[in-house]
Structures are given as C-alpha cells and as structure tokens.
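In the order they appear, the protein sequences are chains U and B.
Each residue of the first sequence is one higher than the last, beginning at 649 in the working numbering.
Each residue of the second sequence is one higher than the last, beginning at 89 in the working numbering.
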Amino acid sequence: MLLVKAIGRRLGYSVLTVLLATLLVFVALQALPGNLATQLLGQNATPAAVAQLDASLGLNRPAWQRYLDWLGGALHGDFGRSLVSQQPVLTEAGGYLRNTALLAGIVIVAGITLSLVLGVIAGLTRDRWPDLAISGLSLLGMSVPEFTVATLLVLAFAIRLNWFPAVVTAGPTATVGELLPAVWLPAAALTAVMAAYIIRMMRTSVIDVMSAEYVTLARVRGLSSARVLFRHALPNALLPTLNVIAINIAWLVGGVVVVESVFNYPGIGTLMIQAVHNRDLPVLQFIAVFGALTFVVCNLLADLAALWLNPRLRTPGRAG
Amino acid sequence: MTNLALRVRPRRLSLPARPSLLIGLFLVGLNVVVALAAPLLAPYSPTQPNALDAIEGSSSAHWLGTDQLGRDVLSRVLYGGRYAMLISLSAALLTVVLGTVLGCLTAYRRGWFDEVLMRLLDSVLSVPAILALLVVVTALGSGASVIILASTVVYCPALIRVVRAAALSIVGLDYVTAARARGEGFWPIMVREIWPNILDVVLVEFAMRASWITLLVSSLSFLGFGANPPTPDWGLMVSENRSLLTVVPLATIAPIVALATLIVGLNLAADGIAKARGIDRITGGLR
C-alpha cells in the first residue's frame, strides 16, 4: 500500500511539473515584443493582412485562452502547425525525432556502459594511476563544451584520418542506412561529455560502498572478490548513480542541439536552430516541452528503479 | 548574557592548500588577468581586418596565425574570454545571491511557501538549459542582459535546492531557535546565523555555476546567439574558423584550449574547496 502511495505521489508531481513547464515555455514565448503577424509579414504589411493573420493564428484572443487551447490540442497530439511549412508540428518533427532517437540510442547504450565500467575501475583503484587517468580525463570531459569535442573529433577522424564524414548531407527523411555512417562522430562527441558526469558519480559511489561495513563483512566471510563486488557492492553503488544517469539522458535533448548543428545532423537539434532563426514558435514550443517531458520521465523512471532496487526508500516522507 | 552564550561562533573559512585547489585558482586567476590586461598584451587589434595577411599559419609576426579576415588569432584569443567571463561572472553572482536568499528563506519558512517554490523549481529544472536559453533568445533577442538574466533563472533552481538542504540542517539548531525566541526576523538570522555556516557550500556552488554558465554562453556564441561578430569570443571564434580547420587548425584549436583552461580551473577550484571542506558534491549531474 505504501509503495502504491509513493508511486502515486511521484506520478502526481511529475504531471504537475510538466504542466508548469508548458506554462513557463508558453509565457516565455508570449513575451515576444511586437506583433508576431507584423514580424512574419514584414513592416509594409497592410493592417487588413495583419488582422487576418492574427485571426488565423488565433492571436486576437486572450493569452490564457490560447494556452488552454494549445494544452487541449497537445493532449491529443496536436501541437499546432509550423509557421514556416504549414505542416502539423508532429508531422514536421517526426523524421527529425526519429534521427535524434537513433543518435541518442547509440549514445545511451555506449555511454552508460562505458562510464559505469570506467567509474567502477576508478573507484576500485582509488588514487592509483588508473583512477588518476580516468578522473583526469573525465574532468577534461566536463570542462570542454560539446561543440569543442565535436570540432576536435572532426579534425582528427574526418580530416586527418578520413574515417567518417565531417558533415551529414542526408535530410530528415534519410533512411537509417544512409545515416549510419555519419552517426558515429556526433555520438562520440555526446558520449565523451555525458560519460564524464556518470564516471565521477559512479567512482564516488563505489568508494563509499567499498568502505561500508557490509562489504568488509562479506570479505571477512571469505567471499571471492568478484562475488563481493557484483553481489554486494555494485547494486548499492548503482543507486545514487541512477539519478545522475537519468539527468544525463535528459540532458541529451539539449546536448544534441549543439552537436547536431556541428555535423548538420538532421535531428531535433537542427530543427530547433532552424525554428529559432525562422521564429517558428509552435515548433520551438513543441521541442522545449518535449525536453521537459523527457527530463521528467527519465527522473520518474530513475525514482521507480530506485524504489524497486531499494525497499528502504518505500517509506513516505522522502519526497521534495 | 545567556543569549550570547547560546550563540555559536561561526566557523572560519580556512582552506588547506591542496594542489588541485591551487592549480585551479591559478588557472582562473591567469584567465582573469589575461582578460583584464588584453589591451597591453595583444600585439594587434583583435577586430581590425587585414586582407593582405588573411589565413596564415604560425609565423614570427603572428604566433598563432591569422583568420580569414587577416585578424591576429593570438590577439583575439587574449581578448576572447572577456565576453564569456563578464556574462558568466555576473550571472553566477546573481544566481548565487538570489539562490542563497531564496534557499535560506524556504528552509526557514517551510510550509506552503516551500511546497509551491519546490514545484515551480522542478518545472524550471525540467527544461534543458540550452533549450530554455534558445526560447528566451527567440523571444527577447540575444542582448547581454537577456542572457545574464536567462542563465540566472535557469541555474537558480538547482542552487536553491542545494542551499535549502544545507540551511535545513542549520535552522533546526538551538542557536537559531534561540535567535527566533529573541524575536529576530528572517534577515538577521540569515545573515548572522545561517549564512556563515553555509558559506563553503555556496562558494563551491559559485565556482560550479560559473563554469556551467561559461560553457552555456560559449555554446550560445558558437550557435550564433551570443557574442556578435566582430567581438573576439572563444565560442564565436571556433564557429568562424571551423571551416578553415584543414588550412589553419590553430585558429580553431587556440580558443578551444583557452576555454578549456578556464573551465578546468573553475572545476578544480570547486573540487578543491569541496574536498577541503568535506562537502559532498552530489549535484554533479544537475547541469
């Protein structure tokens, strides 16, 4: 019963958070100075044309009503129409979303595996050379923005070695086969930055757990090192890392904006930059809300996984 | 007299000299000094184009070569931290001041205020920083003040949570109860009782926010929504010179190295302070 309550409360908070986030994004975009119709039509537009566009965009109605309309549509998967292509936003974003999913999928699988392994090695060899090397590299990974990693990778692997293409020429409707040769460099750039944070968290966590009394006890009982590590230490070390992993998966939605634009990769990051240039507000609003939704869902999953892994959390009073 | 006896002397902030802390402070200091002294150090004007010397490699006249407009890369790198550092320093200061006050206030008040604020912060946190900044830049333009305020709003929530957690362990202590019993209000309690005890947490957070905001601002400049040409700025330089990567790689690599020294410095400083004061840096993933 307590478990159901705990899950219910987290679900409720998550829904509330997403709703508030949509409101914040809406308010931020409403802060747009000047009249949107005038900006779209140019300074020389006749008042009649402006009024007509206002009416067709629904801009002549109060802001709260437009927000509720947008929200109602969004709940049914209707995020309005792109101001540029006149396509429904979901149709417009569909191909881009799929491409980003391909990129993110590779990064998540490769990045999490790599960083967990490196984090455990660093934690187990604390202050000796493997740890110093891994910690040093991850500090560097945290300290350079995605666009610099991406640029250096282009210099090394696309220009000097010519192994991978430097830019993607395929459009949003490219097949997976067409995208596959070009996906590796952006994936490597994102992995390098994402791994840094997870490695650091896993290292700290492994160090904490390895000095815990139950691990010492397991050792004293004469269990093999492998058994101590995999049965006793790692499951507990993984717990605090879960949230960092969730946050980093959500961060990918932002990280792809920069990395995709370096490689001209046709994902939602590229779509977002186009939308900013064209002031395509419905598309912009959709991507920002999509980012918030990803963040909340990832955190919710991490919380649920923690509940599942650790029965001690199933008591109330830990939320907030 | 009993009141005075109850009050605990604030811990003094002493930092044992750790090598990582010293290296970090040195790197940050170096970047600040170079940015301030750029007019004295730079051999050429950072913005004056010179078509005759365009796209040159390293030479005795131009140590790091020139870019496509013939501007000296070394001079531009020396000036290049000014924009990002000014913006991130202002934004980090604003974030820390606002975050500390709100964090202490919500830890002190608790109740519905705390509940409402936490839910609001969650929703701000949920929009990835770069997406939030792009939305704001679309709506309000990419002026320096807009970027400073937007980064403050984006990075404040995580800081408020950290300060709130640190302050929660203080507001329950006897000397705060005593101060409340004396009839002191929120401000005197925050300044005299809470603030001195969370100063180390706040310092670490300041260094980390400064590094994240610098990363964010450089990324924005790289995408074309931060510093405007011909401003010398590291992020903007990378995006300008990227197409010449095969011809004059130094013009791209030099600003990357410069940016990395600043951020590595800030991170080492944050790590050093945190380790010296025994603070858990669990927030490592909250960008």
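Virtual Cβ for every residue (Gly too), placed ideally from N, Cα, C.
These numbers were taken from a predicted model, which means no experiment stands behind them.
Residues of chain U with a Cβ closer than 7 Å to the Cβ of residue 189/B do not exist; the shortest Cβ-Cβ separation is about 20 Å. Straight across, the Cα-Cα distance linking residue 907/U with residue 300/B is about 17 Å.
Take residue 816/U, set aside five residues on each side of it, and the residues of its chain with a beta-carbon closer than 6 Å to its own are 830, 911, 912 and 913, in chain order. In the assembly as shown, residue 775/U is an exposed residue. Its beta-carbon has fewer than 16 other beta-carbons within 10 Å.
Contact annotation: in the stretch 933-949 of chain U, residues whose CB is within less than 7 Å of a CB in chain B are 935, 936, 939, 940, 943 and 944.
The beta carbons of residue 180/B and residue 252/B sit no closer together than 7 Å. Contact annotation: residue 940/U and residue 891/U have beta-carbon atoms that are not nearer than 7 Å. The three-state reading of DSSP puts residue 319/B in coil, since its state is none of H, G, I, E or B.
Only 323, 326, 327, 330, 333 and 334 from the stretch 321-336 of chain B bring a Cβ to less than 8 Å from some Cβ of chain U. Counting only Cβ-Cβ distances below 8 Å, residue 310/B has contacts in chain U at 793, 795 and 906, in chain order. Looking at the DSSP output, residue 726/U shares a beta bridge with no other residue. Taking 7 Å as the cut-off, the Cβ atoms of residue 310/B and residue 795/U count as close.
Around residue 355/B, the beta-carbon contacts reaching into chain U at under 7 Å are 787, 790 and 791. Here DSSP, grouped into helix, strand and coil, assigns residue 930/U to helix. Around the beta carbon of residue 696/U, fewer than 16 other beta carbons sit within 10 angstroms, so the residue counts as exposed. Residues of chain B with a Cβ closer than 8 Å to the Cβ of residue 909/U are, in chain order, 311.
Look at residue 736/U here: in three-state DSSP terms it is strand.
Sorting 931/U, 946/U and 956/U by C-alpha distance to the C-alpha of residue 734/U places 931/U at the top. Among the residues of chain U, those whose CB is under 8 Å from the CB of residue 348/B are 788, 791, 792 and 796, following chain order. Per the C-alpha coordinates, the member of 730/U, 719/U, 771/U and 905/U positioned closest to residue 881/U is 771/U. Looking only at 330/B, 118/B, 355/B and 156/B, the smallest Cα-Cα distance to residue 298/B is reached by 355/B. Note that the C-beta distance between residue 763/U and residue 843/U is below 7 Å.
Secondary structure note for residue 781/U: its alpha helix (DSSP H) is the uninterrupted segment 777-791.
Scanning its chain for C-beta atoms nearer than 6 Å, with the 5 sequence neighbours on each side dropped, one finds around residue 360/B the residues 106, 108, 109 and 112, in chain order. Rounded to whole angstroms, residue 845/U and residue 773/U show a C-alpha spacing of 18 Å. Here residue 335/B is exposed. Its C-beta has fewer than 16 other C-beta atoms within 10 Å.
By alpha-carbon distance to residue 933/U, the top candidate from 840/U, 854/U and 719/U is 719/U. Residue state for residue 210/B is assigned as helix, using DSSP reduced to three classes. Distance between residue 758/U and residue 348/B, taken at the CA atoms: about 25 Å. Contact between residue 669/U and residue 239/B does not hold, since their C-beta atoms are separated by about 18 Å, which reaches or exceeds 8 Å. For residue 807/U, the nearest CB of chain B lies under 7 Å from its own CB, placing it at the interface with that chain. Using a CB distance cut-off of 7 Å, residue 306/B counts as an interface residue toward chain U.
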